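Right, one structure below, let's go through it.
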Amino acid sequence: MKELRENLFDLFNEDHLSLADAGPLKFKPTSASVSREKNLTLEFLFTSAEWSLDHEPDIPAGTLYKAQDKMIFTSPSGASYTADGVSYRRHESSSSARGLQTTYRFALHSLEMNTPNDEPPAAIIEWIGNLTTGFFGNARVTIDNAETSNIKIGDGNQSIVVNRSVSAGGTSTILKIFIGGYTVYLAHLRDRNDDGSRSRDGYIAYQGNPDADTRRKIRDSVSFVLGLPIVLYGHTAYSATGHPISMRSQSTYAYGGRIFDLHDRPPYPINKLPTENMIDGDLFSKTAEGLYRKYDELNFLSLSWTYWHGACAAYSTAAVYFGGLIEQLQKTARKLNPSEDGGLLKAKEWENLKSQLLDILGPAQIDPAMKKIIGNKIRGLNQLPNNVALERLFQQLGLGISEAEKTAWKHRNNAAHGNSSVDHEAVILNNKLLQLIFHRLLGAITGCSNQYVDYYSLHFPVRAISDPVPGR
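For what it's worth, numbering that gives the first Met the number 0 labels the leading residue of the sequence shown as 0, then goes sequentially.
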């Protein structure tokens, strides 16, 4: 089913294209092709019957800059291909009996194809990677075997129809969820990698025309609930009759490839017993929707970015990420539910004491610069210590906290301050506890789930959000 895969490169490489805007090119190409590299970036490959020309940008090595050059190609059918963020990589020239040839390689941020069809999309399918391969869903993909074949994703008036070029029959099971007011289907493809392992590629199909920002919020929410960071390759927008209106592929960031070594760890239960590998669509929808509703208030874009870096980090530094996430949630919780109990002393008590301390400092005969520093320290004396602030937040949210969790919180700054530990087992276990503290706080603040999966304890029991992680 190539229609449900990233097939923009095949269209570009097989189409009879004309170069409408050469952008940064300083030569006339005799051929052009585009591909996705192993590190998931996009690359142009051009050939030219000329000696090499200098394409090195006049930018000092190590300079951070944004590639903004564009190239535009057109096809006889009226479709246009726009390459954005094009930048030179390298080239090599050769001479043979057939003549001169130079091969150029350019990086690009994205490649987009648009057809002359200007009707609004009826559905969008995103090509994604790094899905778990062990779940079964609650909906079907049906491929008819008529002479004009279609792929039908889902059932009834919530289904999505994609026109298919080759006729064949068959069905497969996918996951149907409701989030952000949209019907969304999630599926992994039944491909095999070169080594025989099952591919982790798949797609997300949206009924309707959600914009890129909405799809990102949905994708981030779904990704967190699945327990794996989804990577986005691109998407296709379809007409009501199932024909492509536009396609887009983009270079993808995959955390240095480390995400593909992660095991899926859903933070909250998404199945109903006694089944273990059958995702419950309603439960999944409720959990993902809870995160989606609070996405902007929580700045979940930043939270998820940091969270997955923490999941991929070395165990000696992971506590820095998870500790920072918890502190960010603390600040957000205070904004969402302001409390007078925000310091060691109540506001009136502290104002009286602060005035007395500053009055004592005022006439002191000391260096003015030092006096200013001491004054600032006095003004910050009422700030809650981090351990007290966390315990009060847990209490405010109706959560219990164990001694093991308190210990992990005390040791979270060791990595940030260069305090190494020879007890590697304790460091790893504390990282697990910090991650679970984040899961519990996020679940309580968003209401997305009243249970969490305890990956600290043996056999990964499911516990109530209010129940702490017990010590070993």
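In this text, a Cβ means the ideal position worked out from N, Cα and C, and glycines have one as well.
Here the structure is a predicted model, which is why all the values come from computation and not from measurement.
Residue 216 vs residue 180 beta-carbon contact at 8 Å: no
Distance CB(residue 39)-CB(residue 250) smaller than 8 Å: yes
query: Relative to the alpha-carbon of residue 176, which residue among 212, 210, 218 has its alpha-carbon at the smallest distance?
result: 218
field: When 198, 77, 183, 409 are compared against residue 114, the one with the closest alpha-carbon
entry: 77
- request: Just the C-alpha distance for residue 12 and residue 29, rounded to the nearest angstrom, thanks.
  value: 13 Å
- prompt: So residue 242 and residue 156 are in contact, right, with Cβ under 8 Å, and what is the actual spacing, rounded?
  reply: Actually they do not touch by this definition, with Cβ atoms about 20 Å apart.
task: Given a cut-off of 8 Å, decide if residue 106 and residue 10 are closer than it, judged by their beta-carbon atoms.
output: no
- prompt: To which residues of the same chain is residue 83 closer than 6 Å at the C-beta, ignoring the five residues directly before and after it?
  reply: 69, 108, 109
message: Quick check: what's the CA-CA separation for residue 80 versus residue 116?
response: 14 Å
- request: Would you tell me roughly how many angstroms separate the C-alpha atoms of residue 97 and residue 26, rounded to the nearest one?
  value: 19 Å
message: Let me check understanding here. Comparing Cα to Cα, which of 190, 434, 207, 245 lies closest to residue 132?
response: 190
field: Proximal residues to residue 253 (C-beta, below 6 Å), its chain only, five neighbours per side dropped
entry: 39, 230
task: Would you list the one or two residues that DSSP bridges to residue 474?
output: Residue 474 lies beyond the stretch modelled for the chain, which goes from 0 to 471, so this question has no answer here.
message: Between residue 174 and residue 283, how many whole angstroms is the CB-CB distance? I'm expecting something under 8 Å.
response: 7 Å
- request: Please report the Cβ distance between residue 269 and residue 224, rounded to the nearest whole angstrom; I am assuming they are in contact, meaning their Cβ atoms lie under 8 Å.
  value: 6 Å
Cβ neighbour criterion (16 or more within 10 Å) applied to residue 168: Legend: pLDDT at residue 168 = 46, less than 50; position of this residue unreliable, no value from coordinates given.
- prompt: Could you check where the beta strand (DSSP E) with residue 105 kicks off and where it finishes?
  reply: 98-107
query: Can you give the Cα-Cα distance for residue 433 and residue 411, rounded to whole angstroms?
result: 8 Å
Euclidean distance between Cα positions of residue 267 and residue 288: 13 Å
- prompt: What are the residues that DSSP puts in a beta bridge with residue 34?
  reply: 42
query: Going by the beta-carbon positions, is the gap between residue 199 and residue 172 smaller than 8 Å?
result: no
query: At what residues does the beta strand (DSSP E) containing residue 410 begin and finish?
result: It is not in any beta strand (DSSP E) - residue 410 carries neither H nor E in the DSSP assignment.
field: Residue interval of the alpha helix (DSSP H) (run including residue 309)
entry: 299-311
task: Evaluate contact between the segment 302-309 and the segment 194-213, counting only Cβ atoms and requiring at least three cross-stretch pairs below 8 Å.
output: no
task: Mind checking which residues open and close the alpha helix (DSSP H) that includes residue 288?
output: 280-292
message: If we require 4 or more residues per run, which alpha helix (DSSP H) segments fall completely within the segment 373-459?
response: 385-395, 402-409, 423-445
- request: Go through its chain and collect everything with a Cβ distance to residue 486's Cβ below 7 Å, but skip five positions before and after it.
  value: Nothing in the structure corresponds to residue 486, since the chain is present only between 0 and 471.
field: residue 66 and residue 85 closer than 8 Å at C-beta
entry: yes
- prompt: By DSSP, does residue 470 sit in helix, in strand, or in coil?
  reply: coil
field: Same chain, Cβ closer than 6 Å to residue 344, neighbours up to 5 away in sequence not counted
entry: 381
query: What's the gap between the Cα of residue 276 and the Cα of residue 265?
result: 12 Å
query: CB residue 122 to CB residue 204, shorter than 8 Å?
result: yes
Between the CA atoms of residue 95 and residue 153 - distance to the nearest angstrom: 56 Å
message: Quick check: the Cα distance between residue 463 and residue 397, rounded to an integer number of angstroms?
response: 11 Å
- request: Using the Cα positions of residue 19 and residue 57, report the straight-line distance between them to the nearest angstrom.
  value: 25 Å
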